[in-house]
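Beneath this line is the structure, given in structure tokens, with notes to follow.
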Amino acid sequence: MARLTRLVALLTVVALAPPAAAQYRIGMSAAITGPASSTYAPTYEAYKVYFQRVNDAGGINGQKVEIAYEDDRGEPQRAAANAKKLGEGTILMVNASTSATYKPFMTESESEKIPLLFGGGVCPREAFPPASPLIFCSTSFGSKWDSRFALGFIKEQSGGKKVKVGFAAQDIPLSRIELEFAEQLAKEMGLDPIPVVVVPGNTPDFTPFAQKLKDAGAEWVLSWALWHVEVGVFEALQRIGWPGRYLLYGHQQTQDELARLKAPSLHAFGGNTLFMENLPIHTEITGLVKGQTTHPPHYMAEGWVSAMVLEAALKKCGWPCSRDKLAAAMAGVSIDTRGLRGGSIEWSADNHYRKNTYYKVYRWDPARSSIVSVGGWTRLEIK
Amino acid sequence: MTSFFELTPSLELENLEVVYHHVATAIQGVSLRVMPGSIVTLLGTNGAGKTTTLRAISGFLGADNAQIVGGRVLFLGQPVTGRRPHELVRRGLVLVPERDKVFETLTVQENLRALVPGWRAWRGADRPRIRLDQVFEYFPLLADRRRQLAGYLSGGERQMLALATALLCRPAVLLVDELSLGLAPAVIERLMILVARLRDELGLAVLLVEQNAGAALAVADYGYVMEHGRIVYDGPRDRLLAHADVREFYLGVGHRAGRKSYTDVKQYRRRRRWF
Amino acid sequence: MTQVLATTVVVASLYALLAAGYVLVYRATRVLNLAQGDMMTLGGYFLFLVATAAPGEPARAIAGAAALSALAGFLIYRLLMRPMAGHPIFAAVLVTVTLGILLRAAIVLVYTDRIRHPLGLLGLANPARPLIGGAVVSTFDLFTVGAAAALFAALFLFLRFSPLGIQMRAAGEKPLLASQRGINFHLVFALSWALAGFAGALAGILYANNVRLDPSLGVLGLKAFAVALVGGLDSLGGVVPGALIVALVEVLSVRYGDPLLADVSPFLCLLAMLLVRPWGLYGTKEELERV
Chain A
4 MARLTRLVAL LTVVALAPPA AAQYRIGMSA AITGPASSTY APTYEAYKVY
54 FQRVNDAGGI NGQKVEIAYE DDRGEPQRAA ANAKKLGEGT ILMVNASTSA
104 TYKPFMTESE SEKIPLLFGG GVCPREAFPP ASPLIFCSTS FGSKWDSRFA
154 LGFIKEQSGG KKVKVGFAAQ DIPLSRIELE FAEQLAKEMG LDPIPVVVVP
204 GNTPDFTPFA QKLKDAGAEW VLSWALWHVE VGVFEALQRI GWPGRYLLYG
254 HQQTQDELAR LKAPSLHAFG GNTLFMENLP IHTEITGLVK GQTTHPPHYM
304 AEGWVSAMVL EAALKKCGWP CSRDKLAAAM AGVSIDTRGL RGGSIEWSAD
354 NHYRKNTYYK VYRWDPARSS IVSVGGWTRL EIK
Chain B
110 MTSFFELTPS LELENLEVVY HHVATAIQGV SLRVMPGSIV TLLGTNGAGK
160 TTTLRAISGF LGADNAQIVG GRVLFLGQPV TGRRPHELVR RGLVLVPERD
210 KVFETLTVQE NLRALVPGWR AWRGADRPRI RLDQVFEYFP LLADRRRQLA
260 GYLSGGERQM LALATALLCR PAVLLVDELS LGLAPAVIER LMILVARLRD
310 ELGLAVLLVE QNAGAALAVA DYGYVMEHGR IVYDGPRDRL LAHADVREFY
360 LGVGHRAGRK SYTDVKQYRR RRRWF
Chain C
2 MTQVLATTVV VASLYALLAA GYVLVYRATR VLNLAQGDMM TLGGYFLFLV
52 ATAAPGEPAR AIAGAAALSA LAGFLIYRLL MRPMAGHPIF AAVLVTVTLG
102 ILLRAAIVLV YTDRIRHPLG LLGLANPARP LIGGAVVSTF DLFTVGAAAA
152 LFAALFLFLR FSPLGIQMRA AGEKPLLASQ RGINFHLVFA LSWALAGFAG
202 ALAGILYANN VRLDPSLGVL GLKAFAVALV GGLDSLGGVV PGALIVALVE
252 VLSVRYGDPL LADVSPFLCL LAMLLVRPWG LYGTKEELER V
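Protein chains in written order, with the numbering used here: chain A, 4 to 386; chain B, 110 to 384; chain C, 2 to 292.
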């Protein structure tokens with residue numbers, strides 16, 4: 004009788020015991036499909052390949068990494084649903100999507116005290132110093148810092164002269180705010196800015212906008228928008244015989260597009276090294292990713308760096324790892340990007356963007372018939 | 110007249126029955142024949158079922174939630190019940206409708222081209238090959254108005270245009286719905302004479318549906334009278350003209366004491382055979 | 002300024018190609034094909050499809066894309082629109098809206114929404130062409146103008162003089178009477194859809210080579226719809242002045258006004274037209290009820 008009771012008690016305990024959480028549980032919401040997918044889906048694919056490899060090699064601290072992926076299509080309603088879903092039972096949420104999806108995730112992060120990593124979209128101001136304890140960002144570009152670098156580059160390329168700089172924005176808030184800031188900054192930096200020209204995203208012909216910039220006498224034009232607008236204005240400027248130089252923010256398609264356009268006056272800047280530099284890390288990624296992703300290997304840089312940061316954070320957290328433990332670990336993480344970026348990514352308690360950010364400029368060189376970098380990495384300290 | 114028994118009727122209806130909305134019988138037990146080279150008229154007042162009969166023949170019943178639930182339509186000896194409208198036209202069964210008979214935004218010339226004529230001598234029926242100049246010979250008025258938009262034509266001119274286009278479709282059988290509607294007597298007479306000419310010169314078989322019995326019987330060889338969806342009387346033209354009730358109610362001739370509705374009159378047995 | 006005029010004509014040509022599709026289908030079948038913009042995108046992707054299968058053969062790719070698009074238009078009528086005959090018009094219009102969404106989704110499914118440039122695949126180039134007066138346009142800008150002119154000339158001759166064209170006009174006015182005249186109006190309607198597919202494909206092919214190809218090009222169709230309404234939804238002749246007016250307003254608002262007006266200028270023109278002359282420049286007055 005006693006033995007039976009003990010057996011029953013044992014079975015009850017086993018049945019009612021909570022399942023052992025033998026994995027790092029992460030939730031990721033990305034614009035896998037939808038209009039913005041070509042920008043953010045590569046991050047999702049990079050994560051998948053990266054952590055598949057990590058798990059195959061035995062995981063981190065002996066535990067596998069389990070990532071739940073959800074598609075938000077860049078839409079706030081889906082993002083809200085995903086935030087609720089992904090906030091349960093996970094120690095971290097990752098967002099690789101448009102800024103329209105940020106709010107529900109920030110809210111969920113704050114209420115459930117889950118750390119939130121932005122892995123592909125523009126970094127929210129909460130990641131910059133003074134940083135919110137739960138918000139982190141690995142994205143290579145950053146508002147205001149991009150303009151600071153770009154205008155510095157233009158100034159340097161013009162030999163310090165007071166050149167006329169035009170700005171080509173898209174009719175989305177992100178682009179307009181950034182370039183209006185740039186216009187203001189240009190004045191302070193001793194350049195001669197022309198008022199920002201705003202271009203609707205689905206304009207059939209960019210010529211009138213280009214004409215405006217040309218007539219205003221722009222010697223340099225800076226553009227920070229979706230690729231098709233950036234390049235549309237440039238092509239129109241070229242066509243109407245504008246002799247100046249163009250600097251735009253380089254998205255994933257930079258490498259392909261510089262090769263297609265073969266225009267020496269077109270400069271693309273960004274934080275990620277182009278795959279044409281053929282560093283060992285590039286070869287490694289290309290080999291791992293081949294055939295597994297719908298986007299080509301050279302689109303993977305952004306997501307790969309983000310995954311590297313996450314892996315380092317999990318390693319640092321140890322096992323078992325809880326939400327606050329992870330947040331604390333991330334606040335001290337530092338990784339070597341192995342050449343994918345200009346330097347290391349270091350987070351501190353106050354700065355969840357990085358201590359230093361690096362930029363490089365590329366253009367097409369007709370003499371060498373290839374893409375070359377203009378100078379090396381420029382470091383900007385984030386304060 | 111020649112003996113009809115050797116010839117196949119150009120058009121024959123056998124006990125045709127049409128029902129609206131699955132419940133209301135529109136026409137019932139309708140049988141008639143149109144021999145080649147003759148004009149047969151179908152008389153009756155409004156709502157008697159004449160237009161429904163024409164629609165059943167030419168395949169436009171779907172428009173009114175109507176269905177053929179019994180009987181057959183035979184064209185040149187072949188059953189064609191329920192065939193698609195444009196197919197019937199191409200075989201030579203052409204309808205001149207009561208309303209909407211011309212394309213108003215097209216010129217007269219274009220109206221005469223907006224058609225697909227029968228392109229086969231179907232079942233060996235020798236169908237007239239009408240050319241445009243022949244049409245203008247029959248309808249000289251149209252020749253003058255060639256470039257005019259059909260929307261600006263008068264009623265009589267429209268009717269002519271409708272007949273002309275029907276001719277160009279190379280019909281073996283012509284179905285004409287209410288030719289006289291809204292036209293002056295002189296115009297009606299002219300048109301009827303024209304139809305008779307077409308019968309004589311081209312050997313057309315014509316089914317003339319008319320409320321205006323006098324005008325129709327002036328040119329018809331044979332006639333059927335419809336009331337409440339049934340054929341109540343039929344016979345050669347002279348017999349019809351002599352018939353007392355036909356004279357009173359459809360020709361407006363003759364006197365009877367008091368006003369009677371035709372429903373008071375004894376219903377005549379429908380006759381199947383030629384008299 | 003000559004550049005303003007040149008750009009106006011180019012933009013107007015693109016709108017005209019798309020608007021022709023709306024008018025053709027509306028004239029023939031009384032249906033508003035709100036998927037016309039997505040049919041333009043489809044044409045561009047057909048070009049990409051043939052170009053990737055057989056690179057370096059522009060003639061074959063363009064002909065193939067145009068033919069495939071015409072076939073697509075034909076099939077759309079046969080499979081989707083013909084069963085809607087007899088149903089209220091707005092139901093058919095909703096079907097076209099759904100069709101547009103489906104087309105776009107299918108394209109994204111197969112090709113993702115990366116921006117494509119078929120120009121290189123075709124082995125063609127798009128050099129700048131200076132014009133008299135100092136204006137500059139691209140080679141494909143000129144092709145667009147030429148294609149629009151050729152299409153309208155061809156459509157005019159077809160509808161005015163050819164037997165099938167007259168039948169199409171007849172069937173568009175009174176399908177029943179057309180049937181009674183031996184015209185198989187379903188075939189004629191399908192042909193009008195095929196022509197709309199063809200016109201859309203021209204726009205898509207030219208735009209893909211001139212600017213870019215991505216699944217969101219369909220929004221241009223929306224602006225072209227406003228152009229069609231300004232010109233008169235049932236008038237092919239009205240498309241040309243309508244397109245020129247809208248394009249001029251768009252270009253002028255960029256140069257001398259607020260560039261953001263450029264995006265909405267087709268709809269501002271439409272608004273103005275609806276207040277002054279609701280049936281459009283050359284539309285038929287009675288068409289008003291149907292819109």
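Don't be surprised by glycine CBs; every beta carbon is placed ideally from N, CA and C. If you're wondering where the values come from, they're calculated on a predicted model, not measured in any experiment.
request  = Check the Cβ-Cβ distances between B/P280 and every residue of chain C, and say whether any is below 8 Å.
outcome  = Residue numbering aside, residue 280 of chain B sits at position 171 when the second sequence is read from its first letter. Judged by the 8 Å Cβ criterion, B/P280 is not in contact with chain C.
So, are the CB atoms of C/L33 and C/F141 less than 8 Å apart?
Translated into positions along the third sequence, residue 33 of chain C becomes position 32. Translated into positions along the third sequence, residue 141 of chain C becomes position 140. Their beta carbons are not under 8 Å apart, which means C/L33 does not touch C/F141 by this criterion.
When burial is assigned at 16 or more other CB atoms within 10 Å of the CB, is B/T160 buried or exposed?
In the second sequence, counting from the first residue as 1, residue 160 of chain B sits at position 51. When all chains shown are included, B/T160 counts as buried.
Fill in: N- and C-terminal bounds of the beta strand (DSSP E) containing B/A314
Counting from one through the second sequence, the residue named residue 314 of chain B turns up at place 205. Run containing B/A314: A314 to E319, per the beta strand (DSSP E) assignment.
task = Tell me, please, whether the CB atom of C/R170 is closer than 8 Å to any CB atom in chain B?
result = On the third sequence, residue 170 of chain C is found 169 positions in, with the first residue counted as 1. It does; some Cβ of chain B falls within 8 Å.
Practice task
Using a Cβ cut-off of 8 Å (strictly closer), state whether C/G44 contacts chain A.
Solution key: On the third sequence, residue 44 of chain C is found 43 positions in, with the first residue counted as 1. Not one chain A Cβ lies under 8 Å of C/G44.
Excluding sequence positions up to five away, which residues of its chain have a Cβ less than 7 Å from the Cβ of A/V312? Translated into the one-based positions of the first sequence, residue 312 of chain A becomes position 309. Around A/V312: S141, V336, I338 and I348.
Worksheet item: By Cβ distance, which residues of its chain are closer than 6 Å to B/L307, with the 5 residues on each side in sequence left out?
Response: As a working mapping, residue 307 of chain B is identified with position 198 in the second sequence. Counting only Cβ-Cβ distances below 6 Å, and skipping sequence neighbours, we find L313.
Interfacial residues, the region 171 to 186 of chain C to chain B, with Cβ spacing under 8 Å
A171, E174, K175, L177, L178, A179, S180, Q181, R182, G183, I184, N185 and F186
Along chain A, in chain order, which residues have C-beta atoms closer than 8 Å to that of C/G121? Working through the third sequence from its first residue, we reach residue 121 of chain C at position 120. Within chain A, the residues near C/G121 are R263.
_Checking the sheet assignment: what are the DSSP bridge partners for A/H355?_
For the purposes of this step, residue 355 of chain A is identified with residue 352 of the first sequence, where counting begins at 1. Note: A/H355 sits in no beta bridge, so no partner.
Output the boundary residues of the beta strand (DSSP E) element that contains A/I29. Reading the first sequence from its first residue, position 26 is the one you call residue 29 of chain A. Q26 to A33 is the span of the beta strand (DSSP E), which, as asked, contains A/I29.
Check: Which of helix, strand or coil does DSSP assign to B/N109?
Finding: The structure shown does not extend to residue 109 of chain B, since chain B is modelled only from 110 to 384, so the question has no answer here.
Of all Cβ atoms in chain C, is any one closer than 8 Å to the Cβ of A/D174?
-> Here residue 174 of chain A corresponds to residue number 171 of the first sequence, with the count starting at 1. A/D174 counts as touching chain C.
Alpha carbon to alpha carbon, how far is B/F169 from B/Y371? Give it in angstroms, no decimals.
-> Your numbering for residue 371 of chain B matches position 262 in the second sequence. Your numbering for residue 169 of chain B matches position 60 in the second sequence. The predicted position of B/Y371 is uncertain, since its pLDDT is 49 and thus under 50; no value can be drawn from it.
(request) Give the single residue among B/S263, B/Y261, B/L349 and B/V217 whose Cα lies nearest to the Cα of B/L241. (result) Here residue 241 of chain B corresponds to residue number 132 of the second sequence, with the count starting at 1. Checked all of B/S263, B/Y261, B/L349 and B/V217; the closest Cα to B/L241 is B/V217.
Would you kindly check if the distance between the Cβ of A/G77 and the Cβ of A/T110 is under 8 Å?
-> The residue given as residue 110 of chain A occupies position 107 in the first sequence. The residue given as residue 77 of chain A occupies position 74 in the first sequence. No.
Q. Which first and last residues belong to the alpha helix (DSSP H) in which A/N85 is found?
A. Counted from its first residue, the first sequence places residue 85 of chain A at position 82. Segment P79 to L89, the alpha helix (DSSP H) holding A/N85.
**Interface partners of C/P164 on chain B, CB under 8 Å** = Within the third sequence, the letter at position 163 stands for residue 164 of chain C. Ordered by position in chain B, the residues that pass the 8 Å Cβ test against C/P164 are R222.
Original post:
Taking buried to mean at least 16 other C-beta atoms within 10 Å of its own C-beta, is B/D373 buried or exposed?
Top reply: Start at 1 with the first residue of the second sequence, and residue 373 of chain B comes out as number 264. Legend: pLDDT at B/D373 = 44, less than 50; position of this residue unreliable, value from coordinates given subsequently. Its Cβ having fewer than 16 others within 10 Å, B/D373 is exposed.
Quiz item: By how many angstroms is the C-alpha of A/W367 removed from the C-alpha of A/L383?
Solution: By 1-based counting over the first sequence, the position of residue 383 of chain A is 380. By 1-based counting over the first sequence, the position of residue 367 of chain A is 364. If you take the alpha carbons of A/L383 and A/W367, they lie about 25 Å apart.
DSSP beta-bridge partners of A/S226
Taking the first sequence and counting its residues from 1, the one referred to as residue 226 of chain A is at position 223. A/A171 and A/L251.
Just curious, the beta strand (DSSP E) that A/Q295 is in, first and last residue?
Your numbering for residue 295 of chain A matches position 292 in the first sequence. Per DSSP, A/Q295 belongs to no beta strand (DSSP E) and is neither H nor E.
| query | Of the residues that make up the region 197 to 227 of chain A, which ones have a beta carbon closer than 7 Å to any beta carbon in chain C? | reply | V200, V201, V202, P203, N205, T206, P207, D208, T210, P211, F212, Q214 and K215
**Message:** I want to verify the contact list: residues of chain C whose CB lies under 7 Å from the CB of B/E219, in sequence order.
**Reply:** Numbered from its first residue, the second sequence carries residue 219 of chain B at position 110. Under the 7 Å cutoff, chain C gives I167.
- Task: Report the option in C/A64, C/F144, C/L261 and C/A66 whose CA atom is closest to the CA atom of A/T206.
- Result: Looking up residue 206 of chain A in the first sequence gives position 203. With distances taken between Cα atoms, A/T206 lies closest to C/L261.
Legend entry - C/V240 and C/A248 closer than 8 Å at C-beta: Working through the third sequence from its first residue, we reach residue 240 of chain C at position 239. Working through the third sequence from its first residue, we reach residue 248 of chain C at position 247. No, the pair does not count as a contact, with Cβ atoms beyond the cut-off.
Practice item. Return yes when the Cβ of A/T360 is within less than 8 Å of the Cβ of A/G274, no when it is not. Key: Looking up residue 274 of chain A in the first sequence gives position 271. Looking up residue 360 of chain A in the first sequence gives position 357. It is a contact, given that the beta carbons lie within the stated cut-off.
Using a Cβ-Cβ cut-off of 8 Å, state whether B/T214 counts as contacting chain C.
The residue you call residue 214 of chain B lines up with position 105 of the second sequence. Yes - at least one Cβ of chain C is within 8 Å of the one on B/T214.
Name the chain C residues that come within less than 8 Å of B/R199, Cβ to Cβ?
Taking the first residue of the second sequence as 1, we reach residue 199 of chain B at position 90. Within 8 Å Cβ-Cβ: G183.
So which of C/A244, C/D264 and C/R256 has the shortest CA-CA distance to C/Y283? Translated into positions along the third sequence, residue 283 of chain C becomes position 282. With distances taken between Cα atoms, C/Y283 lies closest to C/A244.
Would you list the one or two residues that DSSP bridges to C/R117?
Reading the third sequence from its first residue, position 116 is the one you call residue 117 of chain C. C/R117 is bridged to C/L214.
So that I know if they touch, is there some Cβ in chain A lying closer than 8 Å to that of C/T140? In the third sequence, residue 140 of chain C corresponds to position 139, counting from 1. With 8 Å as the cut-off, C/T140 does not count as an interface residue toward chain A.
Exercise. Note the first and the last residue of the continuous alpha helix (DSSP H) segment covering A/W148.
Key: Within the first sequence, the letter at position 145 stands for residue 148 of chain A. That run of the alpha helix (DSSP H) goes W148 to Q160.
A/M333 to A/A266 span [Cα, whole Å]: The sequence position of residue 333 of chain A within the first sequence is 330, counting from 1. The sequence position of residue 266 of chain A within the first sequence is 263, counting from 1. Approximately 42 Å, taken between the alpha carbons.
Checklist entry - What in chain C is Cβ-close to B/D92, meaning under 8 Å? => result The structure shown does not extend to residue 92 of chain B, since chain B spans only 110 to 384, so no value can be given for it.
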